[in-house]
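*Asks:* According to my numbering, the sequence shown is numbered sequentially starting from 9.
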Amino acid sequence: MPIKPEHLGVDPDLARRILVLARIIAPCVETLPDDSPLREDAIAVLRGVAAEAAALPPRSLASTGVGPMRETYRDIGSCFTEDDKASLRSLCGLTSSPGLPMGSFPDPGLVSRLWPETYT
Numbered sequence: 009m010p011i012k013p014e015h016l017g018v019d020p021d022l023a024r025r026i027l028v029l030a031r032i033i034a035p036c037v038e039t040l041p042d043d044s045p046l047r048e049d050a051i052a053v054l055r056g057v058a059a060e061a062a063a064l065p066p067r068s069l070a071s072t073g074v075g076p077m078r079e080t081y082r083d084i085g086s087c088f089t090e091d092d093k094a095s096l097r098s099l100c101g102l103t104s105s106p107g108l109p110m111g112s113f114p115d116p117g118l119v120s121r122l123w124p125e126t127y128t
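(1) Give the straight-line distance between the Cα atoms of P41 and V74, rounded to the nearest whole angstrom.
(2) From F88 to P124, what distance separates their C-alpha atoms?
(3) In whole angstroms, what is the alpha-carbon distance linking K12 and V53?
(4) Between which two residues does the alpha helix (DSSP H) containing E38 stretch?
(5) Buried or exposed: where does A63 fall if 16 or more other Cβ atoms within 10 Å of its Cβ makes it buried?
(6) Determine the DSSP secondary structure at G17, reduced to helix, strand or coil.
(7) Taking all protein chains shown into account, do 16 or more other C-beta atoms lie within 10 angstroms of the C-beta of I26, making it buried, or fewer, making it exposed?
(8) If A34 sits next to L118, beta carbons under 8 Å apart, how far is it from one beta carbon to the other, in whole angstroms?
Pasting the structure below:
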């Protein structure tokens, strides 16, 4: 059973937006088994994100200020810290830096035999 908005303990619409972003960060969040401790870990991370997001002002308020003091507000995606993202990715067995090349690379060719690379 997928993680439901009720598990996050905040407004259901806010929870749905958080879950959508979580699926972008770590697609396996949707398919973690009910009896898995990984699912409970994911819910714990998402509850923290939800608590942070619940403290944000409405989306219609971008910034506010009095005199020289000014405060600018963030979007919900910024409630996912780098630690939150890495934690969710680790539950899926993903690396903390997706998109980087993985695997073996071809053996050096003719050019590398003519001009060998030196590593210092």
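For every residue, glycine included, the Cβ atom is placed at its ideal position computed from N, Cα and C.
The model shown is predicted, which means the values in this text are computed figures rather than measured ones.
*Replies:* Walking through what the data contain:
(1) Reading the sequence shown from its first residue, position 33 is the one you call residue 41. Reading the sequence shown from its first residue, position 66 is the one you call residue 74. One C-alpha to the other measures close to 50 Å.
(2) Looking up residue 88 in the sequence shown gives position 80. Looking up residue 124 in the sequence shown gives position 116. C-alpha separation (whole angstroms): 44 Å.
(3) For the purposes of this step, residue 12 is identified with residue 4 of the sequence shown, where counting begins at 1. For the purposes of this step, residue 53 is identified with residue 45 of the sequence shown, where counting begins at 1. If I take the Cα positions, the gap works out to 14 Å.
(4) Reading the sequence shown from its first residue, position 30 is the one you call residue 38. Note, E38: premise wrong, no alpha helix (DSSP H); not H, not E.
(5) What you label residue 63 is simply residue 55 of the sequence shown in a count that begins at 1. Its Cβ having fewer than 16 others within 10 Å, A63 is exposed.
(6) The residue you call residue 17 lines up with position 9 of the sequence shown. Three-state result, G17: coil.
(7) Locating residue 26 in the sequence shown gives position 18, where the first residue counts as 1. It is buried - the Cβ of I26 has at least 16 other Cβ atoms within 10 Å.
(8) Against the sequence shown, residue 34 aligns to sequence position 26. Against the sequence shown, residue 118 aligns to sequence position 110. That pair is no contact at about 42 Å.
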